[in-house]
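Scroll down for the structure; my scribbles are underneath it.
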Amino acid sequence: MRVLELYAGIGGMHIAFKGSTVKHEVVAAVEINDVATDVYKYNFPNTLTLNRVIEQFLLSPLQFGIPNCRLRFYLLARLRSSSWNSNFKMGQSESIDMRPPVDAPMLPGCQCTSCSGVISHIEHTDDNFTEYIQFCRPISEFVLVPSDSPKELYFLDEKCLQRYFRVLDIVRSCDKKTRCFTKGYSKRLEGTGSVFQTSMENEICVNYRLNHKQRVDKFSLEIFQSMLTSEKITNYYEANKEDEQAVLQYAKLLKLRFFHSREVANMMCFPKSFDFPEHITEKQRLRLLGNSVNILVVSHLIYWVFGT
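All letters in the sequence shown, in the order written, are residues 6 to 313 by my numbering.
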C-alpha cells in the first residue's frame with residue numbers, strides 16, 4: 006500500500022501504519038505547521054515532506070463591490086519552495102479569514118472596493134455582510150437596458166405569485182444586494198436567487214389608485230408612496246395576507262421577473278465577450294451559471310497567491 010499523509014502532524018499516522026503490520030510505503034507527508042514538520046523530519050528523515058503554504062477564506066462578491074451575495078469557501082495553497090514571488094504573505098494563520106486581507110496586493114487595473122481600500126476599515130460583519138452593502142454598485146449597472154433586452158425575459162405569472170410571493174426576495178434597480186443565484190434559479194422560487202421588480206414606485210402608486218377606486222388606507226399609501234424594500238413588501242403581505250386578491254393585485258403591480266442569464270453573468274463578473282452557443286436554452290444557461298464562480302473574486306485569489 007502506498008500512503009500519502011495529509012496533515013501529517015508529528016507522524017502519528019506514520020507510526021500507526023508501522024504498528025498495524027500492514028505492508029506499506031509512505032510516499033510523502035504534507036503538513037503546514039513548520040514546528041510539526043521539524044519533528045516529523047527528525048523522526049522520519051527518509052520520508053519526503055512537503056511543506057505547503059495554505060490560506061483559507063470565506064468571501065462574498067459583496068466585499069468587492071458586486072451586488073450579489075455568493076459566499077464561498079476558498080482554499081489557497083502553494084509550495085513553500087515555489088519560485089513565485091508574491092507580495093502576499095500566506096500561511097500566517099490557520100484560521101479562516103472572512104474578509105479580503107488588507108495587505109493583499111492590488112489586482113492590476115482593478116478599481117473594486119477591495120483594491121481601492123474603501124472597505125479596509127471593516128473588521129467584522131454580520132451574516133448578511135451589511136457593512137459592505139453601502140459600498141456596492143447598484144443593480145442598475147448590471148441589468149440589461151430595454152433596447153438590449155431579449156425576448157425570453159421570464160415574468161412571474163399569477164400562479165407563481167399566488168403561491169410564492171411571501172418567500173420572494175424582491176430587489177429593485179437601485180438596490181445593492183441580490184441573493185446567491187443557484188442552479189435551480191427560475192426552476193424553483195424559494196432560496197435560489199432574487200427576482201427583479203421592473204415597476205417604478207410612482208407607477209405602482211398610480212396603478213394602485215386606479216385599480217382601487219375606494220379610499221386607500223394610510224398603511225397602503227405609505228407603502229406605495231415610499232421606497233419599496235423587501236421588508237416593506239413583507240410587512241404589506243403580513244397585514245393583508247387574509248385578503249388573497251389584494252395581495253395578488255399588489256404582486257402583479259410590481260411586474261416581477263427573473264434576472265436574465267446575461268444579467269446573472271454580469272453580476273458574476275463574466276466579460277461581455279463571454280457568450281453561450283445558441284442551442285443552449287435560457288434555463289440551461291442559468292443552471293450552468295449557478296454552478297460557476299464569481300470571476301472577480303477568483304481573479305483576486307489567484308493574484309494573491311501567484312501575482313508578482
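Note that the Cβ used here is the ideal one computed from N, Cα and C, for glycine as well.
Everything numeric in this text was worked out from a predicted model, so none of it was measured.
Q: Would you give the residue range spanned by the alpha helix (DSSP H) that Tyr325 belongs to?
A: Because the chain in this structure spans residues 6 to 313, residue 325 falls outside the shown range and cannot be described.
(Q) 9 Å is my cut-off, CB to CB: does Glu36 come that close to chain C? (A) Given the protein chain composition of this structure (a single chain), no chain C is represented.
Q | Under 9 Å between C-beta atoms of Leu291 and Tyr137 | A | no
Q: Could you tell me whether any non-hydrogen atom of the ligand NAD is closer than 8 Å to the CB of Ile127?
A: Looking at this structure, you won't find the ligand NAD or any other ligand, since it has none at all.
Q. Would the beta-carbon of Val200 fall within 9 Å of that of Leu261?
A. In contact: Val200 and Leu261 (Cβ atoms closer than 9 Å).
Q: Express the C-alpha separation of Ala21 and Met32 in angstroms, rounding to a whole number.
A: Met is not the amino acid found at residue 32; the sequence shown has Val there. The straight-line gap from Cα to Cα measures roughly 15 Å.
**Q.** In DSSP terms, what Tyr79 is bridged to
**A.** Phe62
Q) Nearest to Phe314 by alpha carbon, out of Val40, Asp180, Asp162? A) Since the first residue shown for the chain is 6 and the last is 313, residue 314 is missing from the structure and cannot be characterised.
Q: Determine contact between the region 41-50 and the region 107-117, defined as no fewer than three beta-carbon pairs at a distance below 8 Å.
A: no
Q.
Nearest by alpha-carbon distance to Asn73: which of Glu128, Lys28, Phe147, Met103 is it?
A. Phe147
Q.
Ser266 and Leu294 - do their beta-carbons sit closer together than 9 Å?
A. For Leu294 and Ser266, yes; Cβs fall inside 9 Å.
Q. By the 10 Å Cβ neighbour count, where 16 or more other Cβ atoms means buried, how is Glu10 classified, buried or exposed?
A. buried
Q. Counting only runs that start and end within the region 133-188, where is the beta strand (DSSP E) found for 3 or more residues in a row?
A. Entirely contained in the region 133-188, not one beta strand (DSSP E) run reaches 3 residues.
Q. Roughly how many angstroms lie between the CA atoms of Ser178 and Glu60, to the nearest whole one?
A. Pairing Ser178 with Glu60, the inter-Cα distance amounts to about 36 Å.
(Q) Mapping the DSSP letters down to three states, classify Leu259 as helix, strand or coil. (A) coil
**Q.** Limits of the alpha helix (DSSP H) - the one that Gln320 falls within
**A.** For the chain, the structure presents residues 6 to 313; residue 320 sits outside this window and is missing.
Q: Compute the distance between the beta-carbons of Met6 and Lys23, then report whether it is under 9 Å.
A: Cβ atoms of Met6 and Lys23: not closer than 9 Å.
Q.
Mapping the DSSP letters down to three states, classify Leu215 as helix, strand or coil.
A. Unreliable positioning characterises Leu215 in this predicted model, as indicated by a pLDDT of 48, which lies under 50. A coordinate reading is not provided.
Q: Quick one: residues in its chain with C-beta nearer than 6 Å to the C-beta of Leu194, no 5 flanking neighbours on either side, listed in chain order?
A: Tyr169
Q. Is the beta carbon of Phe279 less than 9 Å from the beta carbon of Met272?
A. no
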